[in-house]
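Numbering (the working numbering), first residue to last: 550 to 903.
The beta carbon of each residue, even a glycine, is placed where N, CA and C say it ideally should be.
One structure below.
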């Protein structure tokens, strides 16, 4: 049932922005199997309240996200002994449907658990959008566990400040063969700017990347427009702010040099957070991992998770692993034994919290 349910989930398309059918499916599952009281908030996030089982403890938040990255349409899981992967043309969707099925299994089989508030967010993969728009008036839990990491023996206790930088350059169109001197190349201006700031891993806590460039309409025309999607992250908030400003200045200097124009939009996707090793939820998560037979470690990552947003809203949230590997690629896979171990870890956490 455990494996069949996971395969059933990943076959339901839910790329970011297209989660409605999958969330409707989850609502039926949680209501039917956990006797949960479920509702959608105004943004379409799923919020499920599960009554306590043999516990008088305070509520606990359990969370995962419904959306997947692309290519995530028409996923067909293939089971090879202990490993589940896609047929090869898509991602698998273990990020984060493994987390969802592990939550379901842990809650369904736990000997006891506190009152649970299970939140399944939308559009996590495109900037934690669902968590940002979650109706927090419907959440009473002050502590939570998010299942959205990979390694099973690691508790993620911190994440980065993450800036999304969208740039549009307006040059001047011209015939590239007859009168190129009359044009201003938006693509060349973009390239000039990109060479003026660092990319990749800048240090152990900071990264920057230019993810996409779209520009031009024809081979024989000086390109009038170019759009660039860039980002930067750092575990040090002030460092991320300075790097973002450096990237902005690089584009402003480039258009000043070429005569183009530029529009720059900056959005803070999330702000850096770090839980103390002594935080209650961190100690509980480590003990749950230990009770499952593994030696726990803590880690701060430069990947964004919904835990950043939950912590900003006063919900002390740590991140547990699901066992997924090679996320965001067609090589994504997961071991059935790792999913079972992740569910076991969460079972121990539920009992400890009770």
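With respect to residue 671, residue 568 sits close: the two C-beta atoms are nearer than 7 Å. DSSP, read as helix, strand or coil, puts residue 793 in helix. Assignment of beta-bridge partners to residue 761 by DSSP yields 778.
DSSP places residue 673 outside any beta strand (DSSP E), giving it a letter other than H or E. Judged by DSSP secondary structure, residue 816 falls within the beta strand (DSSP E) whose first and last residues are 810-819.
Residue 851 holds the alpha-carbon nearest to the alpha-carbon of residue 750 among 699, 658, 808, 851.
Rounded to the nearest whole angstrom, the C-alpha separation of residue 628 and residue 634 is 7 Å. Residue 614 sits in a strand when the DSSP states are folded into three classes. Comparing C-alpha distances from residue 861 to each of 730, 708, 587 shows the shortest one belongs to 708. With a cutoff of 7 Å on beta-carbon distance, residue 677 and residue 853 are scored as near each other. Bounds of the beta strand (DSSP E) holding residue 866 are 865-870. In this structure residue 764 is buried. Its beta-carbon is surrounded by 16 or more other beta-carbon atoms within 10 angstroms. For residue 750, there is no enclosing alpha helix (DSSP H); the enclosing beta strand (DSSP E) covers residues 749-752. Rounded to the nearest whole angstrom, the CA to CA distance from residue 704 to residue 694 is 10 Å. Linking residue 641 to residue 843 through their CA atoms gives a straight-line distance of about 26 Å.
Within the segment 819-859, complete alpha helix (DSSP H) segments of at least 4 residues are found at 829-840, given in chain order.
Assigned with DSSP and collapsed to three states, residue 746 falls in coil, not helix or strand. Per DSSP, the unbroken beta strand (DSSP E) holding residue 884 starts and ends at 882-884. Assignment of residue 623 by DSSP, reduced to helix, strand and coil, places it in the coil class.
The beta carbon of residue 616 is closer than 7 Å to those of 563, 564, 565, 568, 671, 672, 673, 674 in its chain, skipping five residues each way along the sequence. Residue pairing from DSSP places residue 733 in a beta bridge opposite 721.
Taking a C-beta distance under 7 Å as the contact criterion, residue 662 and residue 818 do not qualify as a contact pair. By the Cβ-count criterion, residue 654 is buried, with 16 or more other Cβ atoms from all chains shown falling within 10 Å of its own Cβ. By the CB criterion at 7 Å, residue 739 and residue 775 fall inside the cutoff. DSSP links residue 602 through a beta bridge to 662.
Of the candidates 551, 748, 816, 895, 816 places its Cα closest to the Cα of residue 790. With a threshold of 16 other beta carbon atoms within 10 Å, residue 620 falls short and is exposed. Secondary structure note for residue 580: its alpha helix (DSSP H) is the uninterrupted segment 569-583.
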